[in-house]
């Protein structure tokens, strides 16, 4: 008897880092529903390392939408767009699933060869995006972003997304000489692209000192010059705190995966820690975590819009997880 061809699925979730991480359980769900399925993923090139961590993703197709938007007329951008379109056209997909629901993601989905499924007019993040889909589903916006993504894909592909979310990724063991052999360290993710999301430095210092008193090393990663300066400033007031070199996304995943815990403001790396199954406390100062907070069995969200938690609140949450 002739063997049924493997279904080929293309996921479109391009950015931001947290949104991409929240889409990882979709791959696990698809593979659980049909282990023979092939899953490719379109993502911003800056975040391509994230879907590549999932063993259920066959191929990552990087795009540079943010860069192209600001420099679309240059020869480099036009060449990159041509190359991306060739990658899209190399495969025929049984279904293209756009879980992002934006006009830009819908337009990118149209580059692919295959029918497109996404949210309907009433529930797409940008209503016009729904006009580009061949099939449309309804979304329940009261659910967390992880469950919303799972719901979209399940409706598009006709399976039930049951049970807890499985991000499906594992990080390599950290092998960093600057860790000084520490086997119980806590990563403090103090950086954010938006100033209103930052937690006061005095609170970080109080928390860091308490962690040191409890016998933990404290690691203060950074991703830009101002963030490095802040890490060094915090390290001066937290005895023995470690300021690592600038880390790639893959190295940041290794660092987080080996941590006893992570504490972070509303930033992509906090979501990555949750996806890796690390105990993580999310600190929210300017946003509501109910819809897009850190999500997982070892994740706790504290604070909210205009309601930042105190260092005591964070230490208590870590204590309940057996950390501080």
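Residue numbers (this note's numbering): 4 to 327. Note that CB positions come from ideal geometry on N, CA and C, so glycine has one too.
Alpha carbon of residue i to alpha carbon of residue j, nearest angstrom
| i | j | result |
| --- | --- | --- |
| residue 104 | residue 121 | 7 Å |
| residue 50 | residue 15 | 13 Å |
| residue 294 | residue 255 | 25 Å |
| residue 165 | residue 32 | 8 Å |
| residue 132 | residue 160 | 19 Å |
| residue 230 | residue 208 | 15 Å |
| residue 128 | residue 94 | 28 Å |
| residue 215 | residue 242 | 7 Å |
| residue 313 | residue 157 | 39 Å |
| residue 279 | residue 75 | 36 Å |
| residue 167 | residue 155 | 16 Å |
| residue 150 | residue 291 | 17 Å |
| residue 88 | residue 126 | 28 Å |
| residue 182 | residue 252 | 17 Å |
| residue 119 | residue 237 | 48 Å |
| residue 96 | residue 136 | 14 Å |
| residue 55 | residue 23 | 11 Å |
| residue 223 | residue 217 | 17 Å |
| residue 38 | residue 225 | 38 Å |
| residue 185 | residue 85 | 47 Å |
| residue 362 | residue 176 | Nothing in the structure corresponds to residue 362, since the chain is present only between 4 and 327. |
| residue 114 | residue 35 | 27 Å |
Range of the contiguous alpha helix (DSSP H) that encloses residue i
| i | result |
| --- | --- |
| residue 123 | Where residue 123 is concerned, there is no enclosing alpha helix (DSSP H), given that its DSSP letter is neither H nor E. |
| residue 65 | Per DSSP, residue 65 belongs to no alpha helix (DSSP H); it is in the beta strand (DSSP E), 60-66. |
| residue 314 | 314-323 |
| residue 27 | 27-36 |
| residue 294 | 292-295 |
| residue 53 | 52-55 |
Residues near residue i in its chain [Cβ-Cβ closer than 7 Å; skip 5 each side]
| i | result |
| --- | --- |
| residue 57 | 27, 30, 171, 172 |
| residue 263 | 187, 188, 189, 219, 326 |
| residue 139 | 121, 122, 123, 133 |
| residue 90 | 64 |
| residue 306 | 286, 287, 288, 312 |
| residue 72 | none |
Selected residue, minimal CA-CA separation from residue i, among the options
| i | options | result |
| --- | --- | --- |
| residue 257 | 22, 10, 53 | 53 |
| residue 210 | 278, 235, 244 | 244 |
| residue 19 | 77, 80, 196, 180 | 196 |
| residue 310 | 289, 317, 10 | 289 |
| residue 17 | 82, 92, 111, 73 | 111 |
| residue 329 | 99, 106, 107, 130 | Past the edges of the chain, shown from 4 to 327, lies residue 329, and the structure says nothing about it. |
| residue 239 | 212, 226, 260, 261 | 212 |
| residue 271 | 235, 108, 200 | 200 |
| residue 45 | 109, 9, 78 | 109 |
| residue 247 | 315, 162, 221, 114 | 221 |
Unbroken beta strand (DSSP E) run spanning residue i, endpoints
| i | result |
| --- | --- |
| residue 12 | 11-15 |
| residue 46 | 41-47 |
| residue 302 | 302-306 |
Neighbourhood of residue i by C-beta distance below 8 Å, restricted to the same chain and skipping five residues each side
| i | result |
| --- | --- |
| residue 301 | 277, 280, 281, 282, 283, 324 |
| residue 43 | 11, 12, 13, 14, 60, 61, 62, 63, 64, 94, 96 |
| residue 5 | With a pLDDT of 49 at residue 5, under the threshold of 50, the modelled position of that residue is not reliable, and no figure is offered here. |
| residue 259 | 174, 190, 265, 272, 275, 276, 279, 281 |
Same chain, Cβ closer than 6 Å to residue i, five either side skipped, listed in chain order
| i | result |
| --- | --- |
| residue 48 | 65, 67 |
Chain B contact for residue i (CB, 8 Å cutoff)
| i | result |
| --- | --- |
| residue 226 | The displayed structure is made up of one protein chain only, and chain B is not part of it. |
Distance cut-off 7 Å: residue i Cβ against heavy atoms of the ligand GTP
| i | result |
| --- | --- |
| residue 271 | Looking at this structure, you won't find the ligand GTP or any other ligand, since it has none at all. |
- Task: Please go through the stretch 219-288 and give each complete beta strand (DSSP E) segment of 3 or more residues, from N-terminal end onward.
- Result: 220-222, 264-268, 283-287
- Enumerate, from N- to C-terminal direction, the unbroken alpha helix (DSSP H) stretches of 4 or more residues contained entirely within the stretch 87-148. 106-112
- Message: Quick check on the DSSP output: what are the complete beta strand (DSSP E) runs of length 3 or more inside the stretch 190-219, in order along the chain?
- Response: none
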